[in-house]
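First comes the structure, then the notes that go with it.
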Amino acid sequence: MHSVIPAPWDVAAQTAIWEDMKRLSPRAYVQAVINIENRVGEAK
């Protein structure tokens, strides 16, 4: 089973991507968040 907590450098990279996505495409950002929440929900 892989750990859910990503490595710090992954978080930093993802945060930059998230910020761009939020700015450029709020709808895609919301969809991505929903997808992640669904995946996390399934993992529990």
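Numbering (the numbering used here), first residue to last: 4 to 47.
Glycine residues also receive a C-beta, built at the ideal position from the N, C-alpha and C atoms.
{"Query": "Length of the line joining the Cα atoms of residue 23 and residue 44", "Result": "25 Å"}
{"Query": "Distance, residue 12 Cα to residue 34 Cα", "Result": "23 Å"}
{"Query": "heavy atom of the ligand ADP below 8 Å from residue 23 C-beta", "Result": "Although the ligand ADP was asked about, the structure shown includes no ligands whatsoever."}
{"Query": "Backbone CA spacing between residue 26 and residue 19 [nearest angstrom]", "Result": "11 Å"}
{"Query": "Length of the line joining the Cα atoms of residue 28 and residue 39", "Result": "17 Å"}
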